[in-house]
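Engineer: Structure provided below as structure tokens; questions to follow.
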Amino acid sequence: MTQNHTARLVIRDADASDERQWRRLWGLYNLFYDHAVSEPVTAATWQRILDPQSAIFARIAVDGTALVGLATYVLHDCTWTIAPVCYLEDLFVDAAQRKTGTGRALIEDGVAIAKARQLGRVYWHTKADNVVARRLYDTFVQVDDFVRYTLPMD
Ligand SMILES: CC(C)(COP(=O)(O)OP(=O)(O)OC[C@H]1O[C@@H](n2cnc3c(N)ncnc32)[C@H](O)[C@@H]1OP(=O)(O)O)[C@@H](O)C(=O)NCCC(=O)NCCS
């Protein structure tokens, strides 16, 4: 458990009791991306988050009893490192809580976990025009020059 500089903010693993609040933030995150994640996919994602055998894990930011931020990670093997690497797939902070250090605290927490587990790297993507997120990300590492190709299978 990580205690943030915002005294009441706690970063911890999501657990079963967080489902209602996690679903609220997850819904807002999907709205942000204007992306409709179906109920079966949302349910499966939540189950994977709770499953210690799954490669997916989630850290949440809690202020008092309110879940105010989420970060979802996927661990996977890598051809360029012996240690597994960690993909930060989702990052979202409740609009009412933004600009108070929650997003930074969530990333710092993920980096600390990766260091503790001796992972090969943490990496993430964002849209080129997401200037708010990129201002935060630029404080961790310089952006690289890879671009992403996505070929849907449906
Ligand atoms: C991106 C996001 C997670 C940042 O969360 P946050 O809790 O507001 O971030 P922090 O308070 O830790 O801010 C850290 C830094 O980000 C930058 N930043 C955050 N909000 C900003 C804003 N509205 N305008 C300009 N810079 C901003 C600043 O550099 C800030 O550092 P500073 O406070 O020292 O100036 C949040 O804005 C969010 O959920 N956005 C919608 C979803 C999204 O874009 N997710 C990322 C997708 S990859």
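Positions in the sequence shown are counted from 1; adding 31 to them yields the numbering used here.
By construction, the Cβ of each residue, glycine as well, lies at the ideal position given by its N, Cα and C atoms.
1. A143: beta carbon under 7 Å from a heavy atom of ligand 1?
2. Spell out a yes or no on whether the stretch 92–110 and the stretch 63–72 are touching, meaning 3 or more CB-CB pairs, one atom from each, closer than 8 Å.
3. Taking the alpha-carbon positions, what's the V162 to Y168 distance?
4. List the whole-angstrom C-beta distance separating T103 from A89, where the pair is believed to meet the contact cut-off of C-beta under 8 Å.
5. Going by DSSP, which residues form a beta bridge with R90?
6. Per DSSP, L122 is paired with what?
7. Listed in chain order, which residues are found with a beta carbon closer than 6 Å to a heavy atom of ligand 1?
8. If I measure Cβ to Cβ from P71 and keep anything under 7 Å in the same chain, skipping five residues before and after, which residues do I get?
9. Go to D140, then tell me how far its alpha helix (DSSP H) extends in each direction, as first and last residue.
10. Just checking my contact of A164 with L40 at CB under 8 Å: how many whole Å lie between their CB atoms?
11. Under the three-state reduction of DSSP, which class applies to A159: helix, strand or coil?
12. Buried or exposed for L56, please, with buried defined as at least 16 other CB atoms from any protein chain shown within 10 angstroms of its CB.
13. Across which residues does DSSP place H66 in a beta bridge pair?
14. Below 8 Å between beta carbons: does that hold for Y60 and D121?
15. Per DSSP, which one or two residues make a beta bridge with Y154?
Structural biologist: Reading off the structure:
1. Between ligand 1 and A143, a heavy atom-to-CB distance of less than 7 Å is absent.
2. Here the stretch 92–110 does not lie against the stretch 63–72, with fewer than 3 beta-carbon pairs under 8 Å apart.
3. Distance from the CA atom of V162 to the CA atom of Y168, rounded to whole angstroms, is 10 Å.
4. Confirmed, Cβ separation roughly 5 Å.
5. Under DSSP, R90 takes part in a beta bridge, and its partners are D44, A102.
6. DSSP, once it has assigned bridges, lists A102 as partnering L122.
7. Checking every Cβ against the heavy atoms of ligand 1 under 6 Å gives F63, L122, F123, V124, R129, K130, T131, G132, T133, G134, R135, T157, N161, V163, A164, R166, L167.
8. Excluding sequence neighbours, P71 sits near nothing in its chain.
9. Where D140 is concerned, the enclosing alpha helix (DSSP H) starts and stops at 133–147.
10. About 19 Å separates the Cβ atoms of A164 and L40, ruling out a contact at the 8 Å cut-off.
11. It is coil, neither helix nor strand.
12. Its Cβ being crowded by 16 or more others within 10 Å, L56 is buried.
13. Beta-bridge pairing links H66 to no other residue.
14. A contact, by the Cβ cut-off of 8 Å.
15. The partner list for Y154 (beta bridge, DSSP) reads Y118.
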